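Below is one structure; the comments refer to it alone.
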Amino acid sequence: MVEATEIVKIYGSFRALDRVSFDIYDGEKVVIIGPSGSGKSTLLRSINKLEEIDRGKIVVDGMDLMDPRTDITKVREEVGMVFQSFNLFPHKTVLENLTLAQIVVRKRSKPEAEERAMALLEKVGLVDKAKAYPGKLSGGQQQRVAIARSLAMDPKLLLFDEPTSALDPEMIGEVLDVMKDLARDGMTMAVVTHEMGFAREVADRVIFMDAGRIVEEGTPEHFFTAPSHERAKLFLSQIL
Amino acid sequence: MSIEAKKQIIDVGDGAAIPRKSDRGLFTAWRIAFFGAIGTLLYLIKVKPDPYLNILKFIPDGILVTFQVTLGAIVLASVLGLITGLGRISKNRYINGAASLYVEIIRGIPLLVQIFYIYYALGRIIQVPAILSAIIAMAVCYGAYMGEVVRAGIESIAKGQQEAALSLGMNSRQTMIHVILPQAVKVILPPVGNEFIALLKDSSLVSIIAVADLLRRGREFASESFTYFETYTVIALIYLIITLFLSKIIGVLEERVSVNK
Chain A
35 MVEATEIVKI YGSFRALDRV SFDIYDGEKV VIIGPSGSGK STLLRSINKL EEIDRGKIVV
95 DGMDLMDPRT DITKVREEVG MVFQSFNLFP HKTVLENLTL AQIVVRKRSK PEAEERAMAL
155 LEKVGLVDKA KAYPGKLSGG QQQRVAIARS LAMDPKLLLF DEPTSALDPE MIGEVLDVMK
215 DLARDGMTMA VVTHEMGFAR EVADRVIFMD AGRIVEEGTP EHFFTAPSHE RAKLFLSQIL
Chain B
401 MSIEAKKQII DVGDGAAIPR KSDRGLFTAW RIAFFGAIGT LLYLIKVKPD PYLNILKFIP
461 DGILVTFQVT LGAIVLASVL GLITGLGRIS KNRYINGAAS LYVEIIRGIP LLVQIFYIYY
521 ALGRIIQVPA ILSAIIAMAV CYGAYMGEVV RAGIESIAKG QQEAALSLGM NSRQTMIHVI
581 LPQAVKVILP PVGNEFIALL KDSSLVSIIA VADLLRRGRE FASESFTYFE TYTVIALIYL
641 IITLFLSKII GVLEERVSVN K
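Sequences listed follow chains A and B, in order.
Just so we're on the same page, the numbering used here is the position in the first sequence counted from 1, plus 34.
Just so we're on the same page, the numbering used here is the position in the second sequence counted from 1, plus 400.
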C-alpha cells in the first residue's frame with residue numbers, strides 16, 4: 035500500500051526525517067511511536083503529502099508522490115486522515131461534514147451520500163447527532179465524527195495523527211474502541227499515538243522513531259518486552 | 401500540533417461604530433445620536449420651514465445619487481476585494497505580486513486624488529458619465545482595502561481546516577469554496593461593514609467631479625440662497641442618520657451570522 039524509500043524532510047537546518055524507509059502492507063496496522071519531535075507526525079503527513087518531502091521516494095497505492103504528473107487529490111481520495119484537533123467543519127452539521135467530500139469529490143448523489151453517512155454514524159454510535167453542529171459535541175464525539183468522515187470516502191488506508199492526544203481521559207476509550215472496530219474489519223491503518231495499550235493490542239508492527247530515524251521496528255511483543263536499542267528502552271521506561 | 405490560539409482583534413473602523421448589545425455605552429450613544437439627529441431635523445423644519453423645508457425638498461435627488469454611487473461602489477469593490485484577497489494569498493508569484501502592488505499603490509494615494517485622476521484619465525480614452533467614473537474610482541480604492549480584509553479573514557481560518565479538506569481529496573478550489581470562504585465570511589463581515597460605512601461617507605468626495613450627490617446638491621442650494629450654515633447643518637444631519645442606520649443594519653446582520661454557528 036505504501037512504499038517509502040530513503041525519505042528526507044528538512045526544516046531549515048533541522049532534519050525532521052533522515053533517510054527513512056518503510057512499507058505498509060494491505061490490511062496491516064502499523065503503530066508509530068516515539069518522543070515528541072522525533073518525526074513521527076511528519077512521516078505520517080508525508081504519506082498524503084500534507085508535508086512535502088525533500089528527497090526520497092514514496093509510492094502510495096501504485097501512485098508515485100514525487101512524480102509531478104501524479105494528481106495528489108487522487109492519492110488523498112484513497113488515504114483518509116484523522117487529526118489530533120479533529121478539524122471538523124464548524125459551519126456544517128455532522129451529516130454535512132460526512133457528505134461534503136462524497137458529493138464534491140466522489141460525485142455521489144446527495145441521497146446516496148446521506149445513506150452512506152448515516153450508516154457510518156450508526157457505526158460510531160452518533161446517529162442522533164446527525165443534525166447537530168460540531169461545536170455542540172464533546173471532544174470524543176467530534177473525533178468519532180471525524181473518523182466517520184474519513185471512512186465516508188471509502189479509503190484504502192487511514193492515517194491517525196495522535197487521535198486521542200487532545201481528548202479528556204474519559205473520552206479516549208470511546209475513540210480507541212471505534213479504531214479497534216476498524217482494525218477488526220480489516221482496514222489498513224497507520225497510527226501515531228502515545229496509547230501503548232492500543233499499540234500492544236492492535237498493532238501488527240510497531241515502529242519506534244527518534245531524531246528523524248526509525249530506531250526500532252517489530253511486533254508489539256518484541257518491542258514491549260525485549261527492545262534492543264537503548265533509546266527505545268529509555269522511552270519505554272519513561273512512558274510505561 | 402495546532403492548538404487554536406485566540407487572536408487579539410483590534411477592530412477600529414473609520415466609519416460610525418457598529419452598535420453591539422455587548423457594548424452598552426455605544427448602544428446608548430447610537431440611540432441618542434440617531435434619534436437626536438432625526439428629532440433635530442424635524443424640529444428645525446417645524447420652527448423654521450424657510451429655509452429648512454426648502455433645503456430638504458431640494459436634496460432628495462442628491463441622496464439618491466449618493467446611494468447609487470455607494471451601492472455601485474460596494475458591489476464592485478466587493479468583487480475586486482475578493483479577487484485581490486485571493487490574489488494576496490496565492491502561491492503564484494505573479495498573481496501575488498500583482499495583487500500586492502495594487503494594494504500598495506492604491507493605499508498610498510489619497511482617495512480624492514484617485515477620484516480626480518480616474519475621472520481625467522478615463523476622460524482621455526472614452527467619455528463616461530461622471531457618476532460612472534466616480535463609482536469606478538471608489539471601487540478601485542475600496543477594493544484594495546477590502547482585499548486586505550478578505551486576506552486577513554482567510555488567514556484567520558485555522559490551518560487544520562484546509563488540511564482536513566485536502567486530506568479528503570478536495571482540490572484547493574473546492575477547499576476554498578466549501579470550507580474556507582464560508583467560515584471566513586463570518587470573520588470578514590464586521591470589518592467589511594465598517595468599510596461600507598466609510599465608503600458611504602467618502603462618497604461625498606465625488607461631488608468634486610460634478611456628480612450631483614447629496615453634498616453637491618446642498619452646495620448648489622446654498623450658493624443660490626446664501627444659506628450656507630443652514631444647508632450644511634441639514635446635510636450633516638442626513639449623513640449622520642444614514643450612516644447610523646447602516647451601522648445598525650450591519651450590527652443586526654452580524655448578530656444573525658454569529659448566532660447561526
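Cβ coordinates follow ideal geometry from the N, Cα and C atoms, glycine included.
Computed from a predicted model, the values in this text were never measured in an experiment.
Check: Leaving out the 5 sequence neighbours to the left and right, which residues in its chain are closer than 7 Å to A/Ser119 when beta-carbon positions are compared?; Outcome: Ala200
Check: Using a threshold of 8 Å, state whether the C-beta atoms of B/Ile597 and B/Ser647 are closer than that.; Outcome: yes
Check: Using the three-state DSSP reduction, which class does B/Ala610 fall into: helix, strand or coil?; Outcome: coil
Check: Is the Cβ of B/Met570 closer than 8 Å to any Cβ of chain A?; Outcome: yes
Check: Would you check if there are 3 or more beta carbon pairs closer than 8 Å linking the stretch 79-96 of chain A to the stretch 561-569 of chain B?; Outcome: yes
Check: Quick one: using the 10 Å Cβ neighbour count with 16 as the cut-off for buried, is A/Ser262 buried or exposed?; Outcome: exposed
Check: A/Lys43 by DSSP, collapsed to three states: which one?; Outcome: strand
Check: Please report whether the beta-carbon of B/Gly553 lies at a distance below 8 Å from any beta-carbon of chain A.; Outcome: no
Check: Out of curiosity, what's the CA-to-CA distance linking B/Phe629 and B/Thr440?; Outcome: 15 Å
Check: Looking only at its chain, what residues have a beta carbon closer than 7 Å to the beta carbon of A/Leu129, apart from the 5 residues adjacent to it on each side?; Outcome: Glu148, Ala151, Ala164 and Lys165
Check: B/Gly543: which of B/Val469, B/Arg619, B/Ala473 and B/Ile438 sits nearest, CA to CA?; Outcome: B/Ala473
Check: Exposed or buried, which one is B/Arg507 when buried takes at least 16 other CB atoms within 10 Å?; Outcome: exposed
Check: Examine chain A for any beta-carbon lying closer than 8 Å to the beta-carbon of B/Lys406, and answer yes or no.; Outcome: Because B/Lys406 carries a pLDDT of 49, less than 50, the predicted location of this residue cannot be relied on, and no value is offered for it.
Check: With H, G and I counted as helix, E and B as strand and the rest as coil, what does DSSP make of A/Ser55?; Outcome: strand
Check: I'd like the span of the alpha helix (DSSP H) that includes A/Arg89, first residue to last.; Outcome: First-last for A/Arg89: Arg89 to Val94, but that is the beta strand (DSSP E), not the alpha helix (DSSP H).
Check: How about the stretch 544-552 of chain B and the stretch 479-493 of chain B: do they share at least three Cβ pairs that are nearer than 8 Å?; Outcome: yes
Check: Mind checking whether the beta-carbon of A/Arg178 lies closer than 7 Å to any heavy atom of the ligand GDP?; Outcome: Judged by which ligands are present, the structure shown has none, so any question about the ligand GDP falls away.
Check: Relative to the alpha-carbon of B/Phe516, which residue among B/Gly618, B/Met538 and B/Arg617 has its alpha-carbon at the smallest distance?; Outcome: B/Met538
Check: Can you check whether the CB of B/Ile418 is closer than 8 Å to the CB of B/Ile650?; Outcome: yes
Check: When the Cα atoms are used, what is the spatial distance from A/Ser143 to A/Ile181?; Outcome: 21 Å
Check: Buried or exposed for A/Ile273, please, with buried defined as at least 16 other CB atoms from any protein chain shown within 10 angstroms of its CB.; Outcome: exposed
Check: Is it buried or exposed, B/Asn492, if we count other Cβ atoms within 10 angstroms and call 16 or more buried?; Outcome: exposed
Check: Closer than 8 Å, CB to CB, is A/Pro145 near chain B or not?; Outcome: no
Check: Out of B/Leu512, B/Phe645, B/Ile531 and B/Ser490, which one is the CA nearest neighbour of B/Phe435?; Outcome: B/Phe645
Check: Compile a chain-ordered list of the residues in the stretch 529-560 of chain B whose CB is closer than 7 Å to at least one CB of chain A.; Outcome: Gly560
Check: Less than 8 Å between C-beta atoms, sequence neighbours within five positions excluded: which residues of the same chain meet that for B/Ser490?; Outcome: Asn496 and Ala499
Check: A/Ala224 lies in the beta strand (DSSP E); which residues open and close that run?; Outcome: Thr222 to Val226
Check: Does A/His228 get closer than 8 Å to chain B when you measure Cβ to Cβ?; Outcome: no
Check: Expressed to the nearest angstrom, what Euclidean distance is found between the alpha-carbon atoms of B/Ala477 and B/Cys541?; Outcome: 8 Å
Check: B/Pro582 CB to nearest chain A CB: under 8 Å?; Outcome: yes
Check: Assuming A/Thr222 contacts A/Leu210 (C-beta within less than 8 Å), just tell me the rounded distance between them.; Outcome: With a Cβ gap of about 18 Å, A/Thr222 and A/Leu210 do not count as contacting.
Check: Taking Cβ-Cβ distances shorter than 8 Å, what residues in chain B pair up with A/Gly114?; Outcome: Ser567 and Leu568
Check: Would B/Glu563 count as contacting chain A if we go by Cβ distances under 8 Å?; Outcome: yes
Check: For A/Asp162, name the three-state secondary structure that DSSP assigns.; Outcome: helix
Check: Using a C-beta to C-beta distance shorter than 9 Å, which residues of chain B count as neighbours of A/Glu111?; Outcome: Leu568 and Gly569
Check: Within 8 Å (strictly less), CB to CB, does B/Val652 reach chain A?; Outcome: no
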